[in-house]
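Listed in order, the protein sequences are those of chains A and B. With our numbering applied, the first sequence corresponds to residues 9 to 283, in that order. With our numbering applied, the second sequence corresponds to residues 3 to 316, in that order. We put the CB at the ideal spot given by N, CA and C, even for glycine. This structure is a prediction, so every number in the text was calculated from the model and none was measured. Each remark here refers to the structure printed beneath this line.
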Amino acid sequence: MTPSLRVKLLGGGLLAVGAVITLFPYYWLAVMATNTTSDIFTTPPKLTFGSHLFDNLAEVFASIDFFGSLLNTVIVAVATTVLVLFFDSLAAFTFAKYRFPGRNVLFGILLATFVVPTQLAAIPQFSIMATLGWVGDLKALIIPAAANAFGIFWMRQYCASALPDELLEAARMDGCGFFRTYWNVALPVLRPALAFLGIFTFISAWNDYLWPLIIMVDSRNLTLQVALSQLNGVYGTDYSLVMAGTLLAILPLLVVFLIGSRHFIKNIAAGAVKG
Amino acid sequence: MTDLLPRKAPSAPAVAQVPQRRRFRHLPQYLAISPFYILFLVFGAYPVFYSLYLALHRWDGIGPMQWIGLDNFALLVTDAEFWNAIGNTFIIWVMSTVPMTVLALLIALGLNSSIRFKGLYRIAYFMPNVTSVVAMAIVFSSVFSTEFGILNSFLSAIGLDPVGWLTDPWGIKVAISVMIIWRWVGYNAIIFLAGLQAIPADIYEAARIDGAGPVQTFFRVTLPLLRPVMLFSVVMSAINGMQVFTEAQVLVGDRGGVQDAGTTMVLYFYNMAFLENDFGYGAAIAWGIFVVVVIFAIINWRLIQRPERAEVSR
């Protein structure tokens, strides 16, 4: 065996072990979700899948309004993503391609908002929501998140490099106004960037926890994350029930991630190296 | 006259001779960027200033506000629980960031070599980063469970004593750190990998010709060239590390477990503001966290600056 082959085998082996450890919690979740609680509590524990998944899921549906929470989460994630894609790309396109008085100052303000920590605003935000009557309302999750500095900043760089001025000039010659140029000319070119920002926003909105916990906790409109946390708090020792709910709650997002993973991971990496 | 940015700067500034009737010609652009600024004013800027005002009051969120001046801040600087939360946050940050960076670098080096299934490995390692923290904290709380946890079963099987992961102050910190490592190691490996791939091959070739071995090449060529990417990674982990909340809250509960060992700064803020309904003191804690984060950022920035200056002066 040559030294380089030995290094390669060692490297490959370590990577495989690391991947097994990384994926083990998912496997263990599936094992617990498909067994009964007493199976899980045996020593040594049962390490293989059981046949009780559907019994466990039936218990979940009897204990919490799982589909109601799922629907709320889907509404919040989809609405936030659509609004963010529209507002962020429109603002980014404008910053990248148009000159207007105050442009640089306004963009500087946008960058400065990065340093504002979320918990500084949390209590007053809560009282604003109370004043608006939005406590426990999905609007409280969607509206404040409808446009963000990160997306505009990231999209602006993409616009600057992906949208040639000639293309926009040609659109203007053809009589396109500002908004038509954005909608018919810029948006189709921006599709790869929209795909990344869309998946990113969707995942963040889906997994968001602290703010929904604060604003939704006493309401009947729970999101999936808050419902899961309550399920764990109330039925903590009933592992099979809690794990079946947990498994079902992470599946939709894993599917979304696996569909977009190649593109998504590539963009995460590129962003870090360029930035 | 065009609204588009000219590719080359025009010889004369076009803006200077704008006729009065075209004063509103930029209206579409201002409208286009306005949503972010309106939302920020309402849900960002106004709340931040209002929280400073709140911090000077006693308020339970329902009754009338009572002006108490700087009392909340005086209480904050002597509040042992707040200092404990600061300590916990930094201990957990170090205990997670150091192993995570080393592991991520090893994984990145592995992924950068010519092995099979690279694409699958990348997806596998990245998956924890996009999975719900609440969901996986529930899974980890079972893994770390003292009596029925798989980890203690494994330790018993290889002849070691079980550890009270979620019932011992240090066990709690280890459990939270392990979860953070698990969640972020793949993300950082992907970033390091991108950094490795950006290093031009002829630099390695030059090092080889100069007679550098693999170890020497790694420490003298690879690591220095990875510096910008590693700085990005450390800055990101510092930003995220100061905000740790979900792992602690789900693993050991609202109160942070035994001896408040899992109470992070944000968890303490959440407790005081939204469980004790002490909005005035909660606002003061939020400002306290902000000050800690700013000081930490300045220290970070100093540490990052110094080696660069040394390089320049050499």
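Among the residues facing chain A, B/G197 is included, as its CB has a counterpart in that chain under 8 Å away.
Cβ-Cβ separation between B/L56 and B/F281: approximately 6 Å, consistent with a contact (criterion under 8 Å). By the CB criterion at 8 Å, B/F292 and A/P172 fall outside the cutoff.
Assigned with DSSP and collapsed to three states, B/H59 falls in strand. Ranking B/W186, B/V141, B/A76 and B/P164 by CA distance to the CA of B/I241 puts B/W186 first. Just so you know, the alpha carbons of B/K175 and B/E83 end up roughly 16 Å apart. Around the Cβ of A/S77, a 10 Å sphere holds 16 or more other Cβ atoms; the residue is buried. Positions of the beta strand (DSSP E) runs, each at least 3 residues long and wholly inside the region 26-106 of chain A, cannot be given because no such run exists.
Interface residue (Cβ-Cβ distance to chain A less than 8 Å): B/Y283 is not classified as such. DSSP places A/N229 outside any alpha helix (DSSP H), giving it a letter other than H or E. Between B/P171 and B/T148, the C-beta gap is not smaller than 8 Å, which leaves the two residues out of contact. Judged by their CB atoms, A/G20 and B/I109 are not nearer to each other than the 8 Å cut-off.
Taking all protein chains shown into account, B/F119 has fewer than 16 neighbouring C-beta atoms within 10 Å of its C-beta and is therefore exposed. When rounded, the separation of the alpha-carbon atoms in B/F150 and B/T99 is 29 Å.
If the five residues before and after A/V250 are omitted, its C-beta is found closer than 6 Å to the C-beta atoms of L239, N240 and Y243, all from its own chain and listed in chain order.
Taking the Cα of A/E177 as reference, the smallest distance to any Cα among A/V82, A/Y166, A/V193 and A/S169 is reached at A/V193.
The contact set of B/A137 on chain A, defined by CB atoms closer than 7 Å, consists of L236, T254, A257 and I258 in chain order.
The region 243-259 of chain B and the region 150-160 of chain B do not touch, with fewer than 3 CB-CB distances between them shorter than 8 Å.
The C-beta of B/P30 comes closer than 8 Å to at least one C-beta of chain A. Where B/R210 is concerned, the enclosing alpha helix (DSSP H) starts and stops at A203 to I211. Rounded to whole angstroms, the gap between the alpha carbons of A/M224 and A/R188 is 39 Å.
Closest in alpha carbon position to B/V132, among A/L13, A/K274, A/I267 and A/L262, is A/L262. One thing to note: B/G264 has its Cβ no nearer than 8 Å to the Cβ of B/N86. Listed along the chain, the chain B residues whose CB falls inside 9 Å of the CB of A/K16 are S115, S116 and I117. When rounded, the separation of the alpha-carbon atoms in B/I192 and B/N273 is 35 Å. Among the residues of chain A, those whose CB is under 7 Å from the CB of B/Y123 are L23 and A27, following chain order. When the beta-carbon positions are compared, A/A203 and A/V68 stay at least 8 Å from each other. Annotation: the continuous alpha helix (DSSP H) that includes B/Y272 extends over M267 to Y272. Between B/V231 and A/A66, the C-beta gap is not smaller than 8 Å, which leaves the two residues out of contact.
Against A/L218, the close residues of chain B are F247, T248, V268 and Y272, in the order they occur along the chain (beta-carbon pairs closer than 8 Å). In the structure shown, the three-state DSSP call for B/Q245 is coil. Of all residues in the region 29-55 of chain A, those with a C-beta nearer than 8 Å to a C-beta of chain B are T30, L31, P33, Y34, W36, L37, M40, I48, F49, T51, P52 and P53, reading in chain order. Of all residues in the region 218-242 of chain B, only P230, V231, F234, S235 and M238 come within less than 9 Å of chain A when Cβ atoms are compared, listed by chain position.
Distance from the Cα of B/L305 is smallest, within the candidate group B/L58, B/R210 and B/R229, for B/R229.
Under the three-state reduction of DSSP, B/W172 is assigned to helix. Under the three-state reduction of DSSP, B/W167 is assigned to coil, being neither helix nor strand.
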